[in-house]
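A short write-up of the structure that comes next.
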Amino acid sequence: MDRQKVLLFGAAAAVRLLLFTAFPSLPHLLAGRVEVSTPVTSFKRLQEGLFLYTHNVSPYDGGVYHQAPLLLPLFSLLPNPSYYPFATNVLFTVVDLLGAQALMQIADSGQSVKTRLFESSRKELRWSSLAMAAGFLFNPFTIATCIARSTSALTNLFILAAMAKASQGASITFVFAIAIASYLSMHPVLLFPPLLLLCYHVRASKSASAPSLLSFAIGHAGALASTCGGLLYVSALLTGSWEFMRATYGVRLLLPDLTPNVGLWWYFFTEMFDSFREFFLGVFWLHVASYMPGLTIRLRKQPLFVAVTLTGVFAVFTPYPSIADAALYLSLVPLFRHLFPLMRYTFLASATILYASFLGPAFYYLWIYAGSGNANFFYAITLVWSLGLSVIVGDSLYAALRDELDVERPELKGKEVKRI
Amino acid sequence: MPSFLSLLLLSIILATVSAGSDYTERLLLRPLPQSALLASFNFRSNDSQLSFEEQNFRYFPRSLGQILQHAHTKELHLRFSLGRWDAESWGQRPWNGAREGGTGVELWAWVEADDEDEAFSRWLTLTNALSGLFCASLNFIDATKTIRPVMSFQPEGDHSNAPNLHLLHGTLPHEVVCTENLTPFLKLLPCKGKAGISSLLDGHKLFDASWQTMSIDVRPTCGIDGHCTLEMEQSVDMVLDIDRSKRPRDNPIPRPLPIEEIKCDTSKGYNAGDTCYPLDKSSEPSWNLTEVFGRSLKGACPLTDQEGENAETVCINTPPERTVDVNTTGSYIESRAVGDTLRCYKLPTGHDFDLNLPSQQMTTGLVLPSPPLSAARSINGHGQERGSIQTVITNPSPTSAVEFVYLESLPWFMKPYLHTLRARISASPENPVLETYYRPAVDRLRGTHLELRMRIPAASTLTLSYDFEKAILRYTEYPPDANRGFDVAPAVISLIDPAASDGRGQYVRTTSLLLPLPTPDFSMPYNVIILTSTVMALGFGNIFNLLVRRFVGAEEVVAGGGGLGALVRGKIDRLKGLLGK
Amino acid sequence: MALIATLLALRKDARILKLPPYLSAICIIVGVAWLLVLPLDEYSRNTYVSENALLPGQVHTYFTGSEHNIFRAYRHEVAGLADRSVEERTQRLSDIFRSSNLKVATQRYSYQAAGRNISNQNVYAVLQGPRADATEAIVLIGAWTNMDGQINHSGVALVLTLARYFKRWSLWSKDVIFLVSGDSTSGPQAWVDAYHDSHNPDTIESLSIKSGALQGAVAVDYPAGPWGHRYDKLHIVYDGVNGQLPNLDLFNTAVNIANGQMGISCTLQRMWKHGDSYQERLQTMLRGMISQGLGHASGPHSSFMPYHVDAITLQTVGDGWHDEMGLGRTVESLFRSLNNLLEHLHQSFFFYLLLHSKRFVSIGTYLPSAMLIAANFSITAIALWVQSGRSTSPIPNPASTSPPSTKANEKPETTMTAVKTPDGSTTLIPTPLLSITERALFLPLSFILFTHFLGLLPLYIFNNTPEPYLRLSFETTLALTTALPLLIARALSLFHRPTHQETTLIQCFSLLLLGMFLAALATLNFSLSFLIGILTTPLSFVRASRNRLVALPALGVLLALNPVVVIRAATVYWGKDVVEILVQAAEGWHVWGLWTQVVVWLVWWPSWFAGAVVVGSGLFA
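Chains as they are written, first to last, in full-length UniProt numbering: chain A, 1 to 420; chain B, 1 to 581; chain C, 1 to 621.
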């Protein structure tokens with residue numbers, strides 16, 4: 001087992017470093033792809049911010065750099081990537097490996113099939129954590145993200161870490177991880193309630209006397225708030241002013257940069273009438289946020305599933321999604337291997353995603369370079385892509401509910417059911 | 001064998017015009033190679049600072065004066081330019097480039113204000129008023145097109161008594177300069193184009209020129225005695241193609257000449273009645289003012305001095321051997337200077353005046369001073385996603401290094417990556433960049449402002465390049481001709497010359513660039529809104545439909561009522577369940 | 001969704017598995033029939049100019065009179081340079097340009113392809129438009145030698161004369177660039193690459209003079225010698241590299257001017273006689289498709305297309321009464337139209353099939369045919385998948401869980417491709433069978449990966465073999481590729497006898513990939529996708545079968561449709577030398593950035609190979 005793990009991780013690292021060194025122009029190429037790196041995660045923009053930061057120009061007094069301030073000192077420690085990229089490459093490789101490690105911890109915790117209040121009737125149907133890690137490490141989307149050195153890899157790492165720690169009931173590390181994730185890209189904060197619940201369940205099942213949920217929640221929420229506050233304060237000290245808030249979270253909220261991506265927002269707000277822009281921004285954000293409470297309440301017995309589904313929602317409905325988010329979701333879904341038999345549109349959805357990932361680049365080329373197609377080509381593909389992902393999300397949700405039903409009422413198992 | 005006659009004195013002569021006198025004007029004509037003719041008009045009017053502040057205008061135009069007072073503008077430079085100066089064959093730019101602007105409209109001014117915001121609001125007042133005065137869309141110079149240069153521009157005037165001045169600079173590269181800008185320009189002149197050299201300025205010829213620029217400069221000058229005057233200088237420089245402007249206006253089509261009028265190379269073996277290798281004309285073309293400018297020069301403007309060199313308002317700069325016949329009924333005075341290469345004429349008042357140069361075979365030519373720098377800027381790469389700017393600056397001088405400031409003012413939707421900025425000098429590893437000033441753009445608020453102080457060694461080429469990314473705009477932000485692209489203002493190169501001839505400085509400007517942006521489909525807003533909303537609704541509806549509902553066995557529903565109807569209903573429901581699944 | 005649900009529900013039905021072959025057959029038939037009806041009046045349209053700024057033929061042209069004498073003189077000059085060295089030629093041409101007061105520059109370039117060294121020089125002159133501000137430019141090209149290697153006497157002479165003539169006009173609102181390229185393919189490529197600074201400065205000289213963004217390019221090909229030759233028609237060549245086409249407006253403008261204003265009739269795709277009948281339309285379309293599918297450079301204009309510069313070549317053909325001045329006036333009028341452009345050409349169509357100089361089919365009408373062909377592979381792939389899932393689940397499932405079970409069986413493949421998990425251990429069957437399927441998926445996937453990587457080998461070989469060895473390598477490849485499937489199949493049957501399920505899965509994956517590639521390709525290069533689709537149709541019908549009566553003919557068909565064999569047959573049919581084709585392909589790869597061979601070796605060949613191996617394994621099973 002352990003040898004296999006070493007082998008797997010070694011292979012993954014080797015593949016990445018090989019790609020980095022064998023094709024020196026590949027990182028640059030991928031970093032320029034709109035599907036891989038967005039204005040809020042692009043490595044080239046990070047380099048620009050770094051350049052301005054090291055030359056004492058505020059990187060946030062400009063329209064290029066929209067990423068978290070603490071990344072600047074971190075990356076300024078490394079040698080300049082445009083001349084000595086090796087250190088940066090190693091860093092991103094390690095980030096992926098740690099993510100895989102966290103994923104394995106989640107899988108080993110078994111929270112996906114058996115929580116304190118719920119135990120799936122199909123729990124014997126599982127994949128080994130090693131297979132999960134392999135699925136994550138050799139997912140072409142993950143590899144592309146890593147080669148493009150997009151900072152969403154960091155966000156993914158911390159989301160995975162938060163899930164892992166929550167599923168182990170390690171409160172402090174969990175809160176810390178989720179705080180960093182939300183600090184880096186804001187929307188992961190929505191993962192806090194379900195993961196909090198998960199953490200609570202684990203703790204409760206471990207210790208004989210379960211602490212009261214309320215105090216537990218308040219305590220952790222307080223911890224989260226203080227950690228985030230601390231991070232923000234340090235950032236403010238670092239950049240000397242609070243204007244980074246507008247340049248980072250403000251950009252995510254208000255979408256001033258309409259660079260194309262695989263999501264639904266950019267073309268919508270390109271074509272939106274100015275008078276309605278604010279209104280629809282509000283609606284879209286509300287829409288994203290609305291999934292969290294609904295799922296958490298209905299599926300309170302399987303909080304991990306809620307968290308995973310939310311990552312899927314992020315991959316579709318956030319303003320600047322990239323294939324990195326899709327990679328995260330697609331490598332988390334196999335945790336619920338036992339639900340696959342109950343899913344109905346898997347083949348359809350996967351084929352859709354597959355086609356979209358082939359046609360997307362082709363249509364983008366036609367629009368931007370050949371000039372023979374127009375923006376609608378690429379837009380149509382982003383629609384298809386989002387549709388495919390959202391179908392998987394919805395279908396897995398159906399499967400989860402059906403699974404719960406089978407536990408509640410075993411007599412219905414394998415029978416036709418309908419919703420009322 | 002062309003005789004080596006220096007022209008350096010020329011600029012000095014033109015510069016020393018004016019001292020003291022209240023209104024002077026001068027026209028310099030200089031035939032250039034390839035049957036081109038440089039005509040640079042220059043008008044100056046002085047008013048004392050006091051009378052100006054008392055709103056008591058004599059030569060200074062009231063309309064402009066009041067605008068300046070209202071906007072608290074102490075020094076103003078306004079440029080309308082069109083076409084390209086061909087330094088390769090025409091040599092050094094007139095006024096060392098100090099009286100020209102980039103393609104379109106360029107405006108910079110020193111505004112008196114307590115703080116930045118006040119300065120900017122006054123700047124807006126100024127641009128709006130000027131746009132009304134000159135029928136140009138200067139009012140489109142908003143925050144995104146305005147920068148505050150720190151190194152490139154130095155005040156020409158004497159501002160010892162004005163402490164807190166703010167320099168603001170704006171360009172409109174896409175503005176098409178045309179006759180409607182000339183008319184108000186002439187209106188500012190005391191003689192209003194009715195007499196004096198300004199009577200030669202005709203819209204059609206001016207805007208048919210290969211290169212032309214109109215400039216207005218207002219600056220305070222103070223003498224030693226502390227007596228300050230406000231000097232306004234208007235100049236029009238143009239390069240006319242003599243052949244083209246000699247064509248009659250009613251028939252401007254360049255039809256092929258009859259074969260008899262073409263000089264054939266009879267030495268060619270194949271030369272025949274139907275085969276003719278054309279020889280290029282070796283002789284200077286014949287021309288006179290009236291046919292070149294399409295108007296006749298209506299004598300001197302009576303407001304100019306009657307005596308002294310300021311009275312000589314028309315100068316022509318040719319080799320001495322070139323015959324120049326004066327054709328007028330009035331009395332005129334001709335004087336020669338600078339080794340006879342410069343002939344100046346005092347015009348008769350009230351009588352037409354014309355210069356007539358016959359076609360002539362020349363043995364000597366003028367040596368045109370070579371420009372201190374030549375610059376070419378272009379966009380590399382293709383596709384509407386990103387690209388890179390490359391500027392090649394050459395220092396022809398074999399001996400002296402040149403230090404200069406390179407100013408870029410880019411629109412906000414063109415996002416440069418400064419960390420990709422590379423400046424290389426041919427055959428030398430040293431980094432030419434001495435000092436950098438960079439103010440990045442903010443989306444929809446302000447443009448990029450980049451200034452580089454650089455030094456380029458003798459006889460070497462400097463290549464400057466940086467990458468940029470193109471933003472995609474909201475569909476309401478595109479102009480009607482979205483697929484043409486957007487114009488990027490020319491880069492301004494201002495030489496830092498210790499031995500500056502006059503207080504004006506030396507400038508070189510590159511051409512403007514065309515930046516194609518990715519365009520959305522402008523016919524789609526409704527479809528996009530509908531389709532996107534549909535996809536979101538599908539996701540939302542699907543998920544919440546599952547969340548809010550409750551599962552029950554299909555049979556249980558049917559098991560409810562008995563009888564045929566219930567049975568049928570059950571079947572239907574079952575079918576629905578089947579489909580809905 | 002409901003519909004899909006019903007379909008999925010229908011999957012229970014065993015009969016459904018019999019359907020796919022018929023479905024794909026229908027797809028193919030409809031796809032082909034679709035293409036065949038396109039030339040009919042009901043499905044094609046008359047061309048029209050939609051960019052109203054062009055105003056084709058609205059200006060009076062003045063390129064006559066003494067210009068003709070000068071043209072004759074220049075033609076003699078060009079003829080005099082025919083046997084001079086490249087340097088002399090460049091020098092002389094620059095002098096002529098310079099004598100008409102233009103900015104002149106030259107460019108050396110050299111390429112290495114198939115062991116050949118292509119090196120030559122370009123001469124170009126920039127006419128700076130008096131009204132222009134160096135932001136836009138249009139290009140007039142006269143290649144020194146045309147596609148057939150003849151010296152382009154009159155074409156170059158015409159460019160020189162027009163340069164002198166255009167200089168006198170003051171109405172140019174764009175710069176005009178006159179380019180005399182060293183040859184018809186690599187010269188323009190080197191120039192346009194350097195213009196956009198995407199060249200390799202070691203072998204290709206950078207341009208010393210540049211102008212603004214290129215808005216359009218027109219090449220003239222008129223190889224009549226020093227004593228001239230009166231032509232009959234203008235042959236308008238419009239195919240770009242990799243099958244990219246210029247904006248239809250440019251083509252229409254040219255036809256409109258030549259036909260309407262000058263009375264010169266136009267033709268295309270080497271259809272010297274075009275009676276506008278169904279057969280001729282179809283022939284024109286098919287020729288167009290083949291030329292587009294090959295994606296080779298068809299003239300000096302081709303290299304401009306990848307940079308989104310619309311370009312065409314005007315070629316004089318036949319013996320008639322039109323003279324050089326007619327061509328000159330056509331070019332003059334065409335440039336006046338381009339000069340009017342306010343925006344980059346964007347209005348009209350970029351995807352079209354031309355049936356006649358005045359008739360075309362737009363993408364919306366013809367795309368379905370290629371998509372149907374591509375779809376038939378996907379359908380077969382799905383069917384095969386379901387089949388394989390069925391075959392491995394012997395225990396009869398309860399009625400309600402069986403649909404999930406089949407769907408569960410799909411999961412591995414989808415997870416597989418979407419998420420590259422090496423194990424597809426996803427199915428809803430008791431553990432004993434489970435273990436089997438786990439292994440069952442490993443072989444097919446690794447095999448598919450292997451075949452696709454194997455394709456890199458011939459790709460590399462053919463792009464980098466020097467000319468003398470090309471024939472040898474081609475013949476060996478021919479032999480090897482014919483034998484290899486059987487050998488591999490034999491080897492498989494010896495070392496690890498593939499189960500029926502495995503062979504099914506191999507075929508399933510390869511067809512799935514093929515369908516996907518072709519669908520994506522159809523949007524980039526319709527013709528190539530269609531041609532490959534047609535040539536690979538048998539793959540969706542052949543199956544691994546022990547019955548020799550079935551297997552042998554299938555194998556025979558496949559061996560006949562081996563890509564290498566097909567290439568050989570094509571060269572024989574068109575009487576071309578295969579080496580010449582390969583050399584051109586190598587040149588395309590190294591000079592123009594041609595992608596056709598990538599498609600052949602990494603899409604077509606692997607799928608064929610997989611299919612052949614599957615059938616072969618049936619034999620040895």
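Every residue gets a Cβ at the ideal spot worked out from N, C-alpha and C, and that includes glycine.
>> Does chain B have any CB closer than 8 Å to the CB of valine 15 of chain A?
In response: no
> Of all Cβ atoms in chain C, is any one closer than 8 Å to the Cβ of glutamine 390 of chain B?
Replying inline: yes
>> Distance cutoff 8 Å, beta carbons only. Does tyrosine 249 of chain A sit that close to anything in chain C?
In response: no
> Mind checking if alanine 370 of chain A is an interface residue toward chain C, Cβ cutoff 8 Å exclusive?
Replying inline: yes
> From glycine 97 of chain B to alanine 87 of chain B, what does the alpha carbon distance come to, in whole angstroms?
Replying inline: 11 Å
> Less than 8 Å separating the beta-carbons of tyrosine 267 of chain A and alanine 375 of chain A?
Replying inline: yes
> In chain order, what residues of the same chain have a beta carbon less than 8 Å from the beta carbon of glycine 260 of chain C, not counting five sequence neighbours either side?
Replying inline: Pro56 and Gly57
> Among B:Gln69, B:Met454 and B:Ala39, which one has its Cα closest to the Cα of arginine 422 of chain B?
Replying inline: B:Met454
> Taking the alpha-carbon positions, what's the tyrosine 320 of chain A to arginine 252 of chain A distance?
Replying inline: 8 Å
> Can glutamine 4 of chain A and valine 40 of chain A be called in contact, C-beta distance under 8 Å?
Replying inline: no
>> For a test of the three-state rule: what should DSSP assign to serine 331 of chain A, helix, strand or coil?
In response: helix
> Roughly how many angstroms lie between the CA atoms of threonine 313 of chain B and threonine 183 of chain B, to the nearest whole one?
Replying inline: 22 Å
>> Just to check my reading of the structure: serine 291 of chain C and valine 591 of chain C have Cβ atoms closer than 8 Å, yes? What is that Cβ distance to the nearest angstrom?
In response: In fact, because the Cβ distance is near 18 Å, the residues do not count as touching under 8 Å.
> Quick one, which residues of the stretch 204 to 223 of chain B are near chain C if we go by CB-CB under 7 Å, in chain order?
Replying inline: Asp208 and Ser210
> alanine 144 of chain A touches chain E at which residues, Cβ-Cβ below 9 Å?
Replying inline: Of the protein chains in the structure, A, B and C, none is chain E.
>> Judging by CA-CA distance, which residue of C:Phe620, C:Gln107 and C:Lys103 is the nearest neighbour of arginine 546 of chain C?
In response: C:Phe620
>> Distance check for phenylalanine 526 of chain C and valine 598 of chain C, CA to CA, integer angstroms please.
In response: 16 Å
> What do you get for phenylalanine 450 of chain C, buried or exposed, if any count of 16 or more other CB atoms within 10 angstroms of its CB means buried?
Replying inline: exposed
> Since histidine 449 of chain B meets chain C, which of its residues come closer than 9 Å, beta carbon to beta carbon?
Replying inline: Within 9 Å Cβ-Cβ: nothing; histidine 449 of chain B doesn't reach chain C, min ~22 Å.
>> Measuring straight from C-alpha to C-alpha, what distance separates aspartate 573 of chain B and leucine 538 of chain B?
In response: 23 Å
>> Restricting to runs no shorter than 3 residues, where is the beta strand (DSSP E) found entirely within the stretch 106 to 182 of chain C?
In response: 116 to 127, 136 to 141 and 175 to 180
>> DSSP three-state label for isoleucine 141 of chain B, please.
In response: coil
> Smallest Cα separation from lysine 138 of chain B: which of B:Pro173, B:Pro155 and B:Asn164?
Replying inline: Checking the displayed sequence, the identity of residue 138 of chain B turns out to be leucine instead of lysine. Nearest of B:Pro173, B:Pro155 and B:Asn164 to leucine 138 of chain B, Cα basis: B:Pro173.
> Under 8 Å, do leucine 528 of chain C and glycine 293 of chain C count as touching if we go by C-beta distance?
Replying inline: yes
> Is aspartate 202 of chain B near phenylalanine 293 of chain B, with beta carbons less than 8 Å apart?
Replying inline: yes
> Using DSSP with H/G/I as helix, E/B as strand and the rest coil, what is methionine 524 of chain B?
Replying inline: coil
> Taking Cβ positions, are arginine 45 of chain A and isoleucine 147 of chain A nearer each other than 8 Å?
Replying inline: no
> With residue 423 of chain A and leucine 26 of chain A assumed to form a contact (beta carbons below 8 Å), what rounded beta-carbon distance in angstroms separates them?
Replying inline: With chain A covering 1 to 420 only, the question about residue 423 of chain A has no answer from this structure.
>> Starting from phenylalanine 251 of chain C, trace the alpha helix (DSSP H) in both directions and tell me its first and last residue.
In response: 248 to 255
> Looking at chain A, which residues of the stretch 533 to 546 of chain B have a Cβ within less than 8 Å of any of its Cβ atoms?
Replying inline: Val535, Met536, Leu538, Gly539, Phe540, Asn542, Ile543, Phe544, Asn545 and Leu546
> Which stretch, first to last residue, makes up the alpha helix (DSSP H) that contains cysteine 228 of chain A?
Replying inline: 213 to 239
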